[in-house]
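At position 40 of the sequence shown the residue is numbered 42 (the working numbering), and the sequence of numbers has no breaks. The beta carbon of each residue, even a glycine, is placed where N, CA and C say it ideally should be. The block underneath contains the structure these notes are about, expressed in structure tokens.
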Amino acid sequence: MTYSMNRSCLDENKAFLSTADSAVQLLTEATKPVSGWKGIEYRAAFPLHKPPGANFYPPDMDKAEFELWKSKLTDKEQNDATGFFTVIKRHDSLSSSSLTQSDGSDQTKTKDDLFIVPYSKEYRPFLEKAAELLEKASACSDSPSLKNLLRTKANAFLSNDYYESDIAWMELDSNLDLTIGPYETYEDSLFSYKATFEAFVGIRDDTATSQVKLFGDQLQDLEKNLPMDNIFKSDSISAAPIRVINLLYNAGDVKGPQTIAFNLPNDERIVNERGTSMVMLKNISEAKFKHILKPIADACIREEQKEYVDFEPYYTHIVCHECCHGIGPHSITLPSGTSRIPFSIGGGKS
Numbered sequence: 003m004t005y006s007m008n009r010s011c012l013d014e015n016k017a018f019l020s021t022a023d024s025a026v027q028l029l030t031e032a033t034k035p036v037s038g039w040k041g042i043e044y045r046a047a048f049p050l051h052k053p054p055g056a057n058f059y060p061p062d063m064d065k066a067e068f069e070l071w072k073s074k075l076t077d078k079e080q081n082d083a084t085g086f087f088t089v090i091k092r093h094d095s096l097s098s099s100s101l102t103q104s105d106g107s108d109q110t111k112t113k114d115d116l117f118i119v120p121y122s123k124e125y126r127p128f129l130e131k132a133a134e135l136l137e138k139a140s141a142c143s144d145s146p147s148l149k150n151l152l153r154t155k156a157n158a159f160l161s162n163d164y165y166e167s168d169i170a171w172m173e174l175d176s177n178l179d180l181t182i183g184p185y186e187t188y189e190d191s192l193f194s195y196k197a198t199f200e201a202f203v204g205i206r207d208d209t210a211t212s213q214v215k216l217f218g219d220q221l222q223d224l225e226k227n228l229p230m231d232n233i234f235k236s237d238s239i240s241a242a243p244i245r246v247i248n249l250l251y252n253a254g255d256v257k258g259p260q261t262i263a264f265n266l267p268n269d270e271r272i273v274n275e276r277g278t279s280m281v282m283l284k285n286i287s288e289a290k291f292k293h294i295l296k297p298i299a300d301a302c303i304r305e306e307q308k309e310y311v312d313f314e315p316y317y318t319h320i321v322c323h324e325c326c327h328g329i330g331p332h333s334i335t336l337p338s339g340t341s342r343i344p345f346s347i348g349g350g351k352s
């Protein structure tokens, strides 16, 4: 799934991709001559730069073309175009059979026209298999909230509507903790619109969870004291559910650099109605403190101050940081209507 979203120009070389598990078989491709290359005769057969839009948009589409096309759409179509769970394509990149509307009419367009495709259609083979496995897992679970999460996620993968499943995720109360689905938009460097699939599986740490609950209970008071006009403050901030887990497995968008906490969902409807939920990965925090922060402190801090380098304040800082994602305004009213703040600020800046 993650490969499909981020494959970019590598998908043009099927032979290269089919042998990507063998360094020996890759040698010829990786050292082939490159026409027009100056200074070095050979180079690795990888693009020098990842396309900013990953595989969410046509590789030759720029921001100006997208904005011009979007301005001609209806309000609903604009929401779909900038939504988390769609990709943008050119009509000429689809087969003629794909250009038939649901009512059977022909969808003839020029090659410059862009087209919205929901994830549930674009990644259908992957999502059907994932949904099938989630349904099987749901049948095996004896936790009502986990069973509901697995079932609603399976439905969301096929319907492209993640609202109910995100509510189920916020209400999860199970020893086995699961986060799965398209969430973060960092891979979309063009606009930060499109979400990438990820998965976390962990075991809940009840003792640590009870210790950090204090912070979630104070969010309304924090909102009340934010340094901004009262008209921008919410009087219905819910206590952010905080779950502390020990990570067992992660995959997809989160398989590379390891995060120590995350705050979800990103759907502004749910954020405005309920706030957000936070998941802390305690064993990852402990590992980063031990293997990264502590060695840096040993090298950079005076001997008499090293006793103050302690895991608890480090961890408290992480908790406070994540809690603050759930407060403050998440949407802004512009002359053109209400917009999510990340859209108004621009891709990658929020």
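Segment limits, alpha helix (DSSP H) that includes A141: R126 to C142
To the nearest angstrom, report how far apart D207 and Y251 are at their CA atoms. 15 Å
Using the beta-carbon count (16 or more within 10 Å), is I233 buried or exposed? exposed
Could you name the residues of the same chain whose beta carbon sits closer than 6 Å to that of D280, not counting the 5 residues immediately before and after it, in chain order? Looking at the sequence itself, residue 280 is Met, so the reference to Asp does not match. The answer, listed in chain order, is A242, I244, N265 and E324.
Would you report the Cα separation of L178 and A158, rounded to the nearest angstrom? 21 Å
Since I1 is in the beta strand (DSSP E), which residue starts that stretch and which ends it? Any question about residue 1 goes unanswered here, given that the chain covers just 3 to 352.
Who are D179's beta bridge partners in DSSP? G204
Relative to the C-alpha of R271, which candidate in I205, I169 and A299 has its C-alpha closest? I169
Beta-carbon contacts of P337 that lie in its chain and below 7 Å, excluding the five residues immediately before and after: none
Are the region 216–225 and the region 141–161 touching by the rule of at least three beta carbon pairs closer than 8 Å? no
If you reduce the DSSP assignment to three classes, tell me which class Y251 lands in. strand
Could you tell me the alpha carbon to alpha carbon distance between A253 and A201, rounded to whole angstroms? 5 Å
For G258, count neighbouring C-beta atoms within 10 Å of its own C-beta (all shown protein chains included) and say buried if the count is 16 or more, exposed if not. exposed
So what does DSSP say about P146, is it helix, strand or coil? helix
Is K72 closer than 7 Å to A56 when the C-beta atoms are compared? no
With F217 and V311 assumed to form a contact (beta carbons below 8 Å), what rounded beta-carbon distance in angstroms separates them? Not quite, the Cβ-Cβ distance comes to about 22 Å (not below 8 Å), so this is no contact.
Residue range of the beta strand (DSSP E) that L116 falls in? L116 to P120
On the three-state DSSP scale, how would you describe T335? strand
Just the C-alpha distance for K292 and E305, rounded to the nearest angstrom, thanks. 17 Å
Considering Cα atoms alone, identify which of I247, N150, K226 and L135 is closest to D237. K226
For the region 141–150 and the region 114–123, state whether three or more C-beta atom pairs, one from each stretch, are separated by less than 8 Å. no
Let's see if you can read the secondary structure: which residues bound the alpha helix (DSSP H) around S167? Y165 to M172
Given T1 as reference, the closest of L129, V256 and E309 once Cα atoms are compared: There is no way to answer for residue 1, as the model of the chain reaches only from 3 to 352.
Alpha carbon to alpha carbon, how far is E137 from L160? 12 Å
Which residue's Cα is closest to the Cα of A210: S191, V246, I239 and K196? V246
Have a look at S140 and L129 and give me their C-alpha separation to the nearest angstrom. 16 Å
Pull up the CB-CB distance for N268 and Y188, whole angstroms please, since I reckon it's below 8 Å. About 11 Å; that fails the 8 Å criterion.
Who pairs with S1 in a beta bridge, going by DSSP? This structure leaves residue 1 out entirely; the chain is present only between 3 and 352.
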